[in-house]
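Student: Provided herewith is a single structure, encoded as structure tokens, for subsequent inquiry.
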Amino acid sequence: MIDSDEHDKHHTGEREKTPTGTYVSDLAHFLDSSGKLSGRAPMEVREMAGFLVLILDKVTIHFPDTSSGIGTGVRCRSRNCNGEIMGALDSIDSPVMWYCPECGNYGTISNWRGSQWDNTGIGGNP
Ligand SMILES: [Zn+2]
918 MIDSDEHDKH HTGEREKTPT GTYVSDLAHF LDSSGKLSGR APMEVREMAG
968 FLVLILDKVT IHFPDTSSGI GTGVRCRSRN CNGEIMGALD SIDSPVMWYC
1018 PECGNYGTIS NWRGSQWDNT GIGGNP
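Dropping the structure here:
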């Protein structure tokens, strides 16, 4: 359980991992003051951040045709899983949802709007 130890130590707050493989992520947590991915976070956290922004990038390019989910081309992070992550976005105010059809891992990403991976073209935070 090295994973959860690191998270506890770092206290990433909203980024909680439950035993069912559900990830609730707040993008703001992964960014430094200039809106870039924080380089100071533990490697596991930075890897997760890289995974999340790839999904964000793909999903927001295709928004608003994303309510039923699109293939992101991003590989699942689970060990022994070759699934391709699906991403979905219902409305501009919703968290981006993602899931793996192979292993059932899924999660949400909030506070993505206005980030450098927001390709909706609708504009950033009010
Ligand atoms: Zn998977």
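The sequence shown begins at 918 in our numbering and counts up by one. Even for Gly, the Cβ is constructed at its ideal location relative to N, Cα and C. Quick caveat, the model's predicted, so the values are computed rather than measured.
(1) Cutting at 8 angstroms between CB atoms, please list the residues of its own chain near Y1023, excluding the five before and the five after it.
(2) From K934 to L944, what does the alpha carbon distance come to, in whole angstroms?
(3) Near C1020, what residues of its chain come up, given a Cβ to Cβ distance below 8 angstroms and the 5 sequence neighbours on each side ignored?
(4) What's the gap between the Cα of G986 and the Cα of P959?
(5) Run through DSSP, which three-state label would E1019 get?
(6) What do you get for K953, buried or exposed, if any count of 16 or more other CB atoms within 10 angstroms of its CB means buried?
(7) Closest to D1007 by C-alpha separation, out of G988, T977, T989, G1031, would be which residue?
Tutor: So, from the data block:
(1) For the purposes of this step, residue 1023 is taken as the residue at position 106 of the sequence shown. The beta carbon of Y1023 sits closer than 8 angstroms to the beta carbons of G938, T939, Y940, M1014, W1015, Y1016, C1017 from its chain, once the five residues preceding and following it are set aside; these are given in chain order.
(2) Numbered from 1 along the sequence shown, position 17 holds the residue referred to as residue 934. Numbered from 1 along the sequence shown, position 27 holds the residue referred to as residue 944. At K934, the pLDDT of 49 sits below 50, so the modelled position is not reliable; the number obtained from the coordinates is stated separately. Between K934 and L944, the C-alpha separation is close to 15 angstroms.
(3) On the sequence shown, residue 1020 is found 103 positions in, with the first residue counted as 1. So the list reads G938, C993, S995, C998, G1000, once near-sequence residues are dropped.
(4) Numbered from its first residue, the sequence shown carries residue 986 at position 69. Numbered from its first residue, the sequence shown carries residue 959 at position 42. Approximately 30 angstroms, taken between the alpha carbons.
(5) Residue numbering aside, residue 1019 sits at position 102 when the sequence shown is read from its first letter. Three-state DSSP puts E1019 in coil, outside helix and strand.
(6) The count along the sequence shown starts at 1 and reaches residue 953 at position 36. Counting Cβ neighbours within 10 Å, K953 comes out exposed, since fewer than 16 surround it.
(7) Here residue 1007 refers to the residue found at position 90 when the sequence shown is read from its first residue. That would be T977, whose Cα lies nearest to the Cα of D1007.
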